[in-house]
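Everything on this sheet refers to the single structure shown next.
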Amino acid sequence: MNITPVAALAALPEGLRDDVIDSFNYIVRNYREHRWEPAELNGGKLCEAVYTVITGYIDGQYADRSSKPRNMVSACQALEQKTGVPRAVRIQIPRMLIALYEIRNNRGVGHAGGDVNPNLMDATAVLYMSKWLLAELIRVLHGLTTEQASGLVETLIEREVPHIWTDGSKKRVLKSGLTWKQKMLLVLLSENEAVGEQELLSWLEHSNASRFRRDVLRPAHKEKMIEFDERDSTVRLLPPGIAEAEDLVNSI
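In our numbering, the protein residues as written are 17 to 268.
Shown next as structure tokens:
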């Protein structure tokens with residue numbers, strides 16, 4: 017099944033869909049900027065949005081916007097008694113919500129008096145639990161494999177990449193002193209979908225397509241940094257490439 021990023025959560029009302037995607041992207045953006053406390057706080061907003069989605073899935077009718085249950089833990093535990101819905105919806109997702117909400121409320125984030133201050137370890141846990149939750153929602157809604165769903169999650173991430181200028185139709189790397197591979201990774205990080213090979217060459221202002229294939233695209237494909245489809249002439253970042261590109265953003 018081929019689901020586009022736009023269609024991944026199309027079953028939800030626009031407002032509820034925005035609540036899910038916006039809270040998720042706030043987590044990703046704040047994590048990338050090393051802002052641990054906001055990253056963890058938005059984990060709570062994502063919990064509320066995801067809880068609203070799964071209760072709508074169970075009831076057969078989605079609310080227009082997300083809402084907070086009076087007691088998140090009790091509300092999630094009550095879902096375990098539901099019947100006729102996938103185990104992921106009534107047990108696995110609710111239990112993950114409880115864990116994520118615990119970090120937001122009782123680890124020194126949501127209020128004073130928590131055990132620890134906001135930190136990289138907790139923010140990392142929030143980030144990856146959030147990715148798992150979003151992937152499970154997409155998997156359940158569309159009957160996808162976990163690999164397909166997790167891949168779609170990456171395409172939903174809004175990336176604002178420093179040193180990349182765009183006017184909407186073309187892009188330029190403004191940072192000097194980078195290798196062609198590094199420039200490529202930065203440009204691809206700013207895109208949510210596959211990029212045409214010729215468009216990528218144009219953005220990078222590289223004048224020799226065959227040399228770029230030989231020296232950059234094929235080696236990066238072999239390293240699993242990118243998926244280079246030579247038949248379709250498209251390039252997209254793979255998870256190792258995303259990690260290397262984000263490390264590069266943080267180092268320059």
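Just so it is clear, CB atoms sit at the ideal spot from N, CA and C, and this is done for glycine as well.
What does DSSP give as the partner residue(s) for residue i in the beta ladder?
i    : result
R252 : E243
V203 : V203 pairs with nothing; no bridge assigned.
G159 : DSSP lists no partner for G159.
By the DSSP assignment, the beta strand (DSSP E) with residue i in it spans what residues?
i    : result
R188 : 187-189
I180 : 180-182
Report the rounded CA-to-CA distance for residue i versus residue j, giving the unit in angstroms.
i    : j    : result
Y47  : R120 : 14 Å
R51  : V105 : 31 Å
L149 : L116 : 10 Å
M200 : L216 : 8 Å
V169 : A27  : 16 Å
V189 : R230 : 21 Å
V156 : F228 : 40 Å
Q93  : R111 : 8 Å
D245 : N135 : 39 Å
D13  : G257 : The first residue shown for the chain is 17 and the last is 268, placing residue 13 beyond what the model contains.
A10  : S83  : The displayed coordinates of the chain run from 17 to 268. Any statement about residue 10 would go beyond what the structure contains.
A225 : I268 : 27 Å
M145 : A91  : 19 Å
E262 : T99  : 42 Å
V232 : K238 : 10 Å
W181 : G76  : 44 Å
R247 : L202 : 24 Å
V34  : S166 : The sequence shown places Asp at residue 34, not Val. Their backbone Cα atoms lie some 19 Å apart in a straight line.
V36  : S223 : 42 Å
E49  : L32  : 26 Å
N41  : T71  : 22 Å
A141 : R103 : 23 Å
A24  : Q164 : 11 Å
Taking Cβ positions, are residue i and residue j nearer each other than 8 Å?
i    : j    : result
K240 : L254 : yes
L143 : I43  : yes
E221 : S249 : no
P85  : Y67  : yes
L113 : M88  : yes
V265 : A210 : no
V177 : L194 : no
A271 : A55  : Within the shown structure, residues of the chain are numbered from 17 to 268, placing residue 271 beyond reach of any answer.
V69  : L160 : no
Between which two residues does the alpha helix (DSSP H) carrying residue i extend?
i    : result
E53  : 52-75
P102 : Looking at the DSSP string, P102 is not in any alpha helix (DSSP H), and its letter there is neither H nor E.
P235 : 234-238
N135 : Looking at the DSSP string, N135 is not in any alpha helix (DSSP H), and its letter there is neither H nor E.
E30  : 30-48
L220 : 213-220
S90  : 88-94
R269 : Since the first residue of the chain shown is 17 and the last is 268, residue 269 is not available in this structure.
Please check the pair residue i and residue j, which I expect to be a contact at CB under 8 Å, by giving their CB distance rounded to whole angstroms.
i    : j    : result
K197 : A236 : 6 Å
E96  : I107 : 5 Å
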